[in-house]
Amino acid sequence: MTCKNRLYLSVAAIAIAGLLAAAPVRAQTAVAIDNDDIGGVVTGPNGPEAGVWVIAETTICRPATPRWW
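Just so we're aligned, residue 82 is where the sequence shown starts under my numbering, counting upward by one.
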């Protein structure tokens, strides 16, 4: 591959990355939360946070005890 081809490929890759970064973000629909659900929105200083996991304690399902205990 010649130096000229590498330059063109690099410019094309940077242009594609720039277009993807500048693409508008689609609005998300709200999730329905009933009376038997635990839910909500975690917000930070810049608005809603994405990818937040919530761990809740329950007594309904207890983990199996390992056999060596």
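Built from N, CA and C at the ideal position, the CB exists for glycine as well.
Everything numeric in this text was worked out from a predicted model, so none of it was measured.
{"query": "Can you tell which of Arg107, Ile136 and Ala96 has the C-alpha that lies nearest to the C-alpha of Ile119?", "result": "Ile136"}
{"query": "Which of the three DSSP states, helix, strand or coil, is assigned to Gly132?", "result": "coil"}
{"query": "What does DSSP give as the partner residues of Gly125 in its beta bridges?", "result": "Gly128"}
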